[in-house]
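Visitor: So that we are looking at the same thing, I have put the structure below in structure tokens.
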Amino acid sequence: MSPVDITAAALEHLESMSTLHPDLSEQYQHLVGLYQRKLWHQLTMGTLEFVSTPSSTLRTTAEGTNSYLALFDKVILPVDKKLNQLTLARIASAVSFSLLDDPPYKDGVAARAILENLLEKRDRLGPSATLHAQSRLGLLGLTVLARGGEALTTESSIAALEGTKGSIDANRSVLAELADTESEAAVVHSAFYETAMTYRKAVGPPEAYYREAIQYVAYTSLSDLSQEERHSLATDLSLAALTGEGVFNFGEVVTAPALKCLEGTDLYFLVELLAAGARGDVLGFQRVADAHAANIQLQPSLVSRAEAVKEKITLLALVNMIFERPSLERTLSFEDIADRVVVPMDQVEWVIMRALSLKLIKGTMDQVEQTVDVTWVMPRVLDNKQMSELATRFGEWAVKVSKAKDYMLDHTGALLNQ
């Protein structure tokens, strides 16, 4: 088609949709104006905004087809070379996912075709747009798999999951090479980690899910998620932090804005458990667990890993006990440790050895004197109370340094004259 014919066909489609759906006339006429004035950047952003709200703007054409797909085929694709390629990939993704809710396309074949066809132009797309499209294609496959209800142990499911994992592994190095200062880099990171997070939610383990999810939260605006999506993310993230092997930085989760959506719900006890764990408060953790015993029984991951969670809280109590002490006062007696972490004296040595083996602390243990001398404790995210305590200690340290300086100034002359 000639450029004139392409323009005429695009404008005709937009005008016809404006007439067919009067409640969307303003949005379609806005796109008409941008197309006529060849404002390609504004057109891509306007189209992206339009296809990002399927609950209010997704309709059918006069022929009964998906309106987003028609918009993409008749308006966007003919001028795709003139558009921002990352935004083009985001539009293609939105159109693709809209097809999953359309009865004729529930198998995902047509939805996959949109992104697969786009990826055939990867040389023009560039690394960011290509990575975004590949990530969304992986997420699309996982979504279709989940909605199909097919067991993950079937041959077709295993093949699909292995394909997704291969794509994630290959793209991780590509993601690392993208500069954080690159325009809209957060969008690409968010798409990648959403796919990786969803994959790990399907196959586990919880600690792997946690690592991907915490990155997803860092690069994603909560306003882009529905209330249901925020609630699911907060629940899954909390459970993964509590049950994931090697996940001890509870402060990183407690301070995440995503968890706020659990306030006032039956699952808020998860946040309370995390907060108690972040403080190293064994008794506080147990009080919350006892108060919500019935709700905990409804969470299979908490029930099956109850002993592992208990061990984690015990170790966090030791870490916090060490952190709360000045750096020059970190020789701890077994008796003090037993009181703080709430274990019998004969289990203290095991707790210390476990913390050393997991590299939560560094130091030496004297079994004869029943003490441990700690030289290092793991860094982690602190809450406001812990930050305040740390600030107090910095102030005390500054006073000591100032006194040492004054002493040196007062006595330097006398020392030199001796």
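At position 167 of the sequence shown the residue is numbered 1431 (the numbering used here), and the sequence of numbers has no breaks.
Beta carbons: idealized from backbone N, C-alpha and C, even for Gly.
Given this structure, state the Cα-to-Cα distance separating LEU1531 from LEU1537, to the nearest angstrom.
Guide: Locating residue 1531 in the sequence shown gives position 267, where the first residue counts as 1. Locating residue 1537 in the sequence shown gives position 273, where the first residue counts as 1. Cα to Cα, the separation comes out at about 10 Å.
Visitor: Quick check: what's the CA-CA separation for SER1437 versus ALA1449?
Guide: Looking up residue 1437 in the sequence shown gives position 173. Looking up residue 1449 in the sequence shown gives position 185. When rounded, the distance between both Cα atoms is 15 Å.
Visitor: Would you tell me roughly how many angstroms separate the C-alpha atoms of ALA1602 and GLY1627, rounded to the nearest one?
Guide: For this step, residue 1602 is matched to residue 338 along the sequence shown. For this step, residue 1627 is matched to residue 363 along the sequence shown. Cα-Cα distance, rounded: 18 Å.
Visitor: Would you kindly report the start and end of the unbroken alpha helix (DSSP H) that includes SER1362?
Guide: Working through the sequence shown from its first residue, we reach residue 1362 at position 98. Counting along the chain, the alpha helix (DSSP H) containing SER1362 begins and ends at 1349 to 1363.
Visitor: Would you check if there are 3 or more beta carbon pairs closer than 8 Å linking the region 1495 to 1510 to the region 1547 to 1559?
Guide: Touching, no.
Visitor: Looking only at its chain, what residues have a beta carbon closer than 7 Å to the beta carbon of GLN1561, apart from the 5 residues adjacent to it on each side?
Guide: Sequence index remark: in the sequence shown, residue 1561 carries index 297 (1-based). VAL1567.
Visitor: Kindly identify the DSSP beta-bridge partner or partners of LEU1596.
Guide: Indexing the sequence shown from 1 puts residue 1596 at position 332. BP columns for LEU1596 point to VAL1636.
Visitor: Please state whether the Cβ-Cβ distance between THR1462 and LEU1403 is less than 8 Å.
Guide: Counted from its first residue, the sequence shown places residue 1462 at position 198. Counted from its first residue, the sequence shown places residue 1403 at position 139. A contact, by the Cβ cut-off of 8 Å.
Visitor: Beta strand (DSSP E) containing LYS1574: first to last residue?
Guide: Mapped onto the sequence shown, residue 1574 falls at position 310. It is not in any beta strand (DSSP E) - LYS1574 instead sits in the alpha helix (DSSP H) that spans 1570 to 1587.
Visitor: So what's LYS1623 in DSSP terms, helix, strand or just coil?
Guide: Counted from its first residue, the sequence shown places residue 1623 at position 359. Three-state DSSP puts LYS1623 in coil, outside helix and strand.
Visitor: By a C-beta neighbour count over all protein chains shown, 10 Å radius and 16 as the cutoff for buried, is ALA1557 buried or exposed?
Guide: Indexing the sequence shown from 1 puts residue 1557 at position 293. Exposed, since its Cβ has fewer than 16 Cβ neighbours within 10 Å.
Visitor: Looking at the secondary structure, which residues open and close the alpha helix (DSSP H) in which GLN1291 lies?
Guide: Taking the first residue of the sequence shown as 1, we reach residue 1291 at position 27. Element bounds for GLN1291: 1289 to 1300.
Visitor: What are the residues that DSSP puts in a beta bridge with ASP1630?
Guide: In the sequence shown, the residue the question calls residue 1630 occupies position 366. For ASP1630, which the question treats as bridged, DSSP gives the partners THR1635.
Visitor: Report the CB separation of PHE1598 from VAL1612 in whole angstroms; it is logged as a contact under 8 Å.
Guide: For the purposes of this step, residue 1598 is identified with residue 334 of the sequence shown, where counting begins at 1. For the purposes of this step, residue 1612 is identified with residue 348 of the sequence shown, where counting begins at 1. Going by Cβ atoms, the distance from PHE1598 to VAL1612 rounds to 4 Å, so yes, they are a contact pair.
Visitor: Pop quiz: GLU1476 and ALA1466 are said to be a contact at Cβ under 8 Å. What is the actual Cβ separation, rounded to whole angstroms?
Guide: Stepping through the sequence shown from its first residue, residue 1476 is reached at position 212. Stepping through the sequence shown from its first residue, residue 1466 is reached at position 202. 12 Å between Cβ atoms; not a contact.
Visitor: Indicate whether TYR1480 and TYR1457 have their beta-carbon atoms separated by less than 8 Å.
Guide: Walking along the sequence shown from the start, residue 1480 turns up at place 216. Walking along the sequence shown from the start, residue 1457 turns up at place 193. Yes, they are a contact pair.
Visitor: VAL1451 and GLU1312 - do their beta-carbons sit closer together than 8 Å?
Guide: Within the sequence shown, the letter at position 48 stands for residue 1312. Within the sequence shown, the letter at position 187 stands for residue 1451. Residue identity check: residue 1312 is Leu in the sequence provided, not Glu. No. Outside cutoff.
Visitor: In three-state DSSP terms, what is ASN1381?
Guide: Position 117 of the sequence shown holds residue 1381. ASN1381: helix per DSSP, three-state reduction.
Visitor: Just to confirm before moving on: does the CB-CB distance between PRO1470 and LEU1503 stay below 8 Å?
Guide: In the sequence shown, counting from the first residue as 1, residue 1470 sits at position 206. In the sequence shown, counting from the first residue as 1, residue 1503 sits at position 239. Yes, the pair counts as a contact, with Cβ atoms nearer than the cut-off.
Visitor: Which of the three DSSP states is assigned to VAL1552 in this structure?
Guide: Here residue 1552 refers to the residue found at position 288 when the sequence shown is read from its first residue. DSSP places VAL1552 in helix when its eight states are reduced to three.
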